[in-house]
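Using my numbering, the first residue of the sequence shown is number 34, and each one after it goes up by one.
The beta carbon of each residue, even a glycine, is placed where N, CA and C say it ideally should be.
Just so it is clear, the structure is predicted and the values come from calculations on it, not from any experiment.
Below is one structure; the comments refer to it alone.
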Amino acid sequence: MTDVIEQLESIEGVVARKDELLSLHTTFGVGGPCDLMLWVSSRTALKQVLQLSKSHSIPVTLLGKGSNVLVRDGGIDGVVIRLADDFAAIEIRDNHIRAGGGASLAEVVSKATSSGIGGLDFLAGIPGTVGGAVITNAGSGDTWLSHRALEVSLLTDDLREVELEEGDVGFGYRTSGIGEGLVVLEVVLAGSFSSVEEARQGVEEHLSRRRTTQPAGESTAGCVFKNPPGNVAGRMIDEIGMKGFNIGGARISTVHANWIVNTGGGTAGEILNLIGEIRQRVREHYGTDLDLEIRVLGRN
Ligand SMILES: Cc1cc2nc3c(=O)[nH]c(=O)nc-3n(C[C@H](O)[C@H](O)[C@H](O)COP(=O)(O)OP(=O)(O)OC[C@H]3O[C@@H](n4cnc5c(N)ncnc54)[C@H](O)[C@@H]3O)c2cc1C
Numbered sequence: 034m035t036d037v038i039e040q041l042e043s044i045e046g047v048v049a050r051k052d053e054l055l056s057l058h059t060t061f062g063v064g065g066p067c068d069l070m071l072w073v074s075s076r077t078a079l080k081q082v083l084q085l086s087k088s089h090s091i092p093v094t095l096l097g098k099g100s101n102v103l104v105r106d107g108g109i110d111g112v113v114i115r116l117a118d119d120f121a122a123i124e125i126r127d128n129h130i131r132a133g134g135g136a137s138l139a140e141v142v143s144k145a146t147s148s149g150i151g152g153l154d155f156l157a158g159i160p161g162t163v164g165g166a167v168i169t170n171a172g173s174g175d176t177w178l179s180h181r182a183l184e185v186s187l188l189t190d191d192l193r194e195v196e197l198e199e200g201d202v203g204f205g206y207r208t209s210g211i212g213e214g215l216v217v218l219e220v221v222l223a224g225s226f227s228s229v230e231e232a233r234q235g236v237e238e239h240l241s242r243r244r245t246t247q248p249a250g251e252s253t254a255g256c257v258f259k260n261p262p263g264n265v266a267g268r269m270i271d272e273i274g275m276k277g278f279n280i281g282g283a284r285i286s287t288v289h290a291n292w293i294v295n296t297g298g299g300t301a302g303e304i305l306n307l308i309g310e311i312r313q314r315v316r317e318h319y320g321t322d323l324d325l326e327i328r329v330l331g332r333n
């Protein structure tokens, strides 16, 4: 492993850190170390990293802003990749926005807005990258990223770059159908023509609604569970009186019952125990199994 790590570290366009604590890179603020974390700045470097890792059977995990994941306390085996530099590019032509997998959603919304492109306000306030948003089909209310996506560029596990039209991706409620081992390189979104003022107003209204319904400034990953058909997970958890319930440093938000917050010093184990407790009580009360919206990664 030491040899391969040295080779990975020496690839041009890569910044590497060994034994990096993933709690520093997840919005829950939990997660043990990975063997090697790499910030990869170009497609060429990415292909070299993936090729080398594959030839040595080293597992690879992509991480965006870590805002929809719960990394276990034992960390992640192998290499964790974050897309940087070239992958953060955002290009606007007419009402189309071409954004790299490592671009921040906040920046996509801000650039579109200041170019007089509306229709993306539903992404405002979601603290992730474009890659993570494609994988999770991020959205608010009834509007999801897939509703504005025209095409998605992926790197396949045999290192081919492919472009899929939106209808061929396999998007669904908080899922993209994009399998493990594929990397989201880029997405093209279609906004609507608008005035800068109108676009800004749309974003402001959306952000102000979020401020009244969601906790601010907490260590959290947003909604933990998907809404089951015909019901709302947060309402169900609230109705059984679990708002504010905690296990160690993991607490159900008092503002939004589908959000778990790390109140400080919480562990992934405590968050997982709290998730288990919520699931059990919801099952007992409603006979419903709640599915996770967040993704649990890593080893115990
Ligand atoms: C305060 C807060 C509010 C939130 N509000 C919302 C909301 O309103 N709506 C919503 O949908 N979500 C919301 N979320 C969840 C989260 O922000 C979104 O799911 C976001 O799109 C995840 O992006 P990320 O870059 O953080 O992905 P990560 O959490 O880093 O990764 C998510 C998944 O995508 C994979 N991945 C990441 N990048 C790539 C890539 N380039 N190629 C392949 N795989 C990749 C990861 O391996 C992981 O499986 C919220 C989270 C927080 C903390």
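Would the beta-carbon of residue i fall within 8 Å of that of residue j?
i, j, result
"leucine 103", "alanine 301", "yes"
"alanine 145", "glycine 224", "yes"
"glutamate 194", "leucine 183", "no"
"leucine 69", "isoleucine 38", "yes"
"valine 163", "valine 141", "yes"
"glycine 161", "serine 100", "yes"
"valine 315", "isoleucine 285", "no"
"valine 112", "isoleucine 91", "yes"
"phenylalanine 258", "aspartate 324", "yes"
"leucine 222", "arginine 268", "no"
"glutamate 251", "isoleucine 280", "no"
"alanine 121", "alanine 136", "yes"
"glycine 64", "arginine 105", "yes"
"glycine 320", "alanine 232", "no"
"leucine 85", "glutamine 40", "yes"
"glycine 309", "glycine 282", "no"
For residue i and residue j, I'd like the C-alpha separation in whole angstroms.
i, j, result
"glycine 134", "isoleucine 311", "33 Å"
"aspartate 119", "leucine 307", "39 Å"
"valine 265", "leucine 218", "33 Å"
"histidine 318", "tryptophan 292", "19 Å"
"proline 261", "isoleucine 168", "20 Å"
"glutamate 230", "leucine 156", "18 Å"
"glutamate 42", "leucine 54", "17 Å"
"glycine 203", "isoleucine 273", "35 Å"
"glycine 107", "glycine 210", "27 Å"
"glycine 165", "leucine 178", "11 Å"
"glycine 297", "threonine 189", "39 Å"
"glutamate 213", "serine 241", "36 Å"
"glutamine 247", "lysine 98", "19 Å"
"aspartate 201", "asparagine 128", "22 Å"
"serine 173", "threonine 245", "14 Å"
"glutamate 124", "valine 220", "11 Å"
"arginine 207", "leucine 197", "18 Å"
Between residue i and chain D, is any beta-carbon pair separated by less than 8 Å?
i, result
"threonine 59", "The question asks about chain D, but that chain is absent: this structure has only one protein chain."
Give the single residue among the options whose Cα lies nearest to the Cα of residue i.
i, options, result
"valine 236", "Ser148, Leu153, Ile91", "Leu153"
"arginine 126", "Gly331, Phe226, Thr208", "Phe226"
"leucine 95", "Ile304, Met34, Ile285, Val73", "Val73"
"threonine 60", "Arg268, Ala266, Val220, Asn295", "Asn295"
"valine 216", "Gly46, Val185, Leu71, Thr246", "Val185"
"serine 88", "Val329, Leu192, Asn279, His289", "Leu192"
"proline 66", "Ile109, Gly277, Leu187, Ala254", "Ile109"
"cysteine 256", "Arg328, Leu71, Ala49", "Arg328"
"valine 48", "His289, Arg207, Leu305, Ser75", "Ser75"
"glycine 46", "Asp52, Gly205, Leu71, Val93", "Leu71"
"threonine 253", "Ala132, Val288, Gly263, His239", "Val288"
"asparagine 333", "Leu305, Glu326, Gln313", "Leu305"
List in chain order the residues whose CB is within less than 6 Å of at least one heavy atom of ligand 1. Answer in sequence order: Thr60, Thr94, Leu95, Leu96, Gly97, Lys98, Gly99, Ser100, Asn101, Val102, Leu116, Gly134, Ile159, Pro160, Gly161, Thr162, Gly164, Gly165, Ala166, Ile168, Thr169, Ala171, Gly172, Ser173, Val216, Val217, Thr253, Ala254, Gly255, Arg328.
Enumerate, from N- to C-terminal direction, the unbroken beta strand (DSSP E) stretches of 3 or more residues contained entirely within the region 151-231. 182-188, 194-198, 216-223
Segments assigned alpha helix (DSSP H), at least 4 residues, entirely inside the region 97-141: none
Complete runs of the alpha helix (DSSP H) confined to the region 249-308 [at least 4 residues]: 266-272
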